[in-house]
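Numbering (this note's numbering), first residue to last: 104 to 476.
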Ligand code: UD2
C-alpha cells in the first residue's frame, strides 16, 4: 500500500515537472506564439500540414493546458468548412456539372471553373472564417499607371465583403492613386528602389515580398496573393480561390502537350525541368495561398534565383520558372482555370465562361525600363 502510494506521488511529481519544463521550453525556444492575432499559432491546426516540432508541441500543450487561445476566442481554424444554419442554396448534384473540362487534378485537388462551385455556399463558409487577405502587387517605374484600374476593379470584384489589404511595392509613392476602399479594406505602401531592367523587377518581387512578409505581413494576414498590376478584374474573383497553395493555369498552355511548356530546360538552372515531366504550366501573374505556405514558396523562388545568379544564369521566365518547378514537386492544393488570369490580347474560347481578371494590352517597349519583350 505504502509502495503504491509513493509510486503515485512520484508519478504526480514527474508529471508536474514534465508539464512545467515542457511549458518553459515551448515558450523559450519554440516561439509557439500564444498571441492569437498572429497566424503562426493557428497554423499547426491546419488540415494536411506536415507534422513538425511546433505542431507536435502545440498538440502536447493543448492536451496539457486545454484548448488554445485561438480556439477559445472562436477564431477560425483553417480546414473547417463550417457554415451557419439556414443558408438557402441550390442542391448540389452528383450527376450534373461541367463535362467539357476536367475539374479535378490527378492528385485530387479541385480545378476551379465557372460552374464547379456555388458562390452562395463558398461565401457562407469563408465569410464565417473571416480571413485577412493580403494582395502583394508591384508598381515600379511606369507601372504605377496601372494601379488605378487594378484597385478600382479589385474593389468591385476581388474578395468582396472580405478583409483585404493591398500591399503596394513602389518606387513612386506619390503616384499611387487615391481610391475609395470598401469596409475592412486598406492599402499599405512599401518603398522599394527603382530598377534598370524589368527582369530585376519581376525577380526582385520574390526578394522584397520575402522581406515584407517576414517583417510585417505575417502579423497582418492569413492568406496572400501575388498579382501582376497590369491587369483588371472583370468579374467575381472570390473565396473559391482560397486554399493552402493555389496555382493558376497559364492561358497559353492549358491545352498543349507538356513538352511545349516553356519550363526552364537548361540543367544549369535551379528551375530545370526535363522534357517528359510536368503537370501544367502555371502563371506567376496570379498565385496565392496560406501566408506561411506562400512565404515558403516566395522565399524558395528568391533563393533559387540567387543560386542561379551565382552560376551566371537567369531562368528563362524568371520567377515563373522557379514557381513551376516548385509546383511540380509540391502540388498545389487548388488549381484555378485561366478564368483567373486571361489576357485582353486573346479571344475568349468557349470553355472560358467568365473572365475574372485579365492582363491589359500594353506597349512593352514603352513601359519597361529596358524596353522590349
Ligand atoms: C509575364 C508573366 C509575369 C512574370 C513575367 C516574367 C503572365 C501572364 N505574366 O508577364 O507573371 O512571370 O512574365 O517574365 O504569365 N513590373 C513593374 N515594373 C516593371 C516591370 C514589371 O512594376 O518595370 C511588375 C508589375 O507588377 C507587372 C509585373 O512586374 O505587372 C510583371 O511584369 P510584366 O507585366 O512586364 O511581365 P509580362 O507581362 O511579360
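We put the beta carbon where it would ideally sit given N, CA and C, even for glycine.
Just confirm the distance between the C-beta atoms of residue i and residue j, as a whole number of angstroms; I'd bet it's less than 8 Å.
{"i": "residue 418", "j": "residue 468", "result": "23 Å between Cβ atoms; not a contact."}
{"i": "residue 328", "j": "residue 238", "result": "5 Å"}
{"i": "residue 350", "j": "residue 438", "result": "6 Å"}
{"i": "residue 226", "j": "residue 341", "result": "7 Å"}
{"i": "residue 270", "j": "residue 320", "result": "6 Å"}
{"i": "residue 452", "j": "residue 298", "result": "Not confirmed; about 35 Å, so no contact."}
{"i": "residue 230", "j": "residue 185", "result": "Between residue 185 and residue 230 the Cβ distance is about 11 Å, and since that is not below 8 Å, they are no contact."}
{"i": "residue 293", "j": "residue 315", "result": "6 Å"}
Just mark residue i as buried or exposed, buried being the case when its beta carbon has 16 or more other beta carbons within 10 Å.
{"i": "residue 339", "result": "buried"}
{"i": "residue 432", "result": "exposed"}
{"i": "residue 236", "result": "buried"}
{"i": "residue 191", "result": "exposed"}
{"i": "residue 426", "result": "buried"}
{"i": "residue 362", "result": "exposed"}
{"i": "residue 210", "result": "exposed"}
{"i": "residue 394", "result": "buried"}
{"i": "residue 119", "result": "exposed"}
{"i": "residue 318", "result": "exposed"}
{"i": "residue 381", "result": "buried"}
{"i": "residue 167", "result": "Since pLDDT at residue 167 reaches only 36, below the 50 mark, its modelled position is unreliable, and no value is offered."}
{"i": "residue 304", "result": "buried"}
{"i": "residue 474", "result": "exposed"}
{"i": "residue 407", "result": "buried"}
{"i": "residue 326", "result": "buried"}
{"i": "residue 411", "result": "buried"}
{"i": "residue 114", "result": "exposed"}
{"i": "residue 193", "result": "exposed"}
{"i": "residue 343", "result": "buried"}
{"i": "residue 398", "result": "buried"}
{"i": "residue 116", "result": "exposed"}
{"i": "residue 367", "result": "buried"}
Can you list, in chain order, the residues of its chain whose CB lies under 7 Å from that of residue i, leaving out five sequence neighbours each side?
{"i": "residue 252", "result": "335"}
{"i": "residue 332", "result": "240, 241, 242, 246, 249, 250, 253"}
{"i": "residue 430", "result": "350, 385"}
{"i": "residue 212", "result": "434, 435, 436, 437, 438"}
{"i": "residue 296", "result": "274"}
{"i": "residue 465", "result": "333"}
{"i": "residue 130", "result": "The predicted model places residue 130 with a pLDDT of 46, which falls under 50 and marks its position as unreliable; any figure quoted below should be read in that light. Closer than 7 Å at the Cβ level, and outside the excluded window around residue 130, lies no residue."}
{"i": "residue 414", "result": "371"}
Keeping to the same chain, check which residues put their C-beta closer than 8 Å to that of residue i; ignore five residues upstream and five downstream.
{"i": "residue 216", "result": "201, 204, 206, 440, 442, 454, 456"}
{"i": "residue 259", "result": "336"}
{"i": "residue 283", "result": "258"}
{"i": "residue 187", "result": "227, 231"}
{"i": "residue 221", "result": "192, 193, 195"}
Spatial neighbours of residue i within its chain, please: C-beta separation below 6 Å, excluding the five flanking residues on both sides.
{"i": "residue 383", "result": "352"}
{"i": "residue 265", "result": "236"}
{"i": "residue 177", "result": "Caution is warranted here: a pLDDT of 49 is assigned to residue 177, below 50, making its placement in the model unreliable, and the coordinate value is therefore given only provisionally. Nothing meets the Cβ criterion."}
{"i": "residue 348", "result": "392, 396, 435, 436"}
{"i": "residue 445", "result": "354, 458, 461"}
{"i": "residue 169", "result": "The predicted model places residue 169 with a pLDDT of 38, which falls under 50 and marks its position as unreliable, so this point remains unresolved."}
{"i": "residue 291", "result": "268, 270"}
{"i": "residue 256", "result": "335, 336"}
{"i": "residue 197", "result": "none"}
{"i": "residue 378", "result": "362"}
{"i": "residue 405", "result": "309, 310, 313"}
{"i": "residue 364", "result": "356, 381, 384"}
{"i": "residue 388", "result": "331, 444"}
Is there at least one non-hydrogen atom of the ligand MG closer than 7 Å to the beta-carbon of residue i?
{"i": "residue 244", "result": "The model on display carries the ligand UD2 but not the ligand MG."}
- Query: Is it a yes or a no for the segment 299-311 touching the segment 418-430, going by three-plus beta-carbon pairs under 8 Å?
  - Reply: yes
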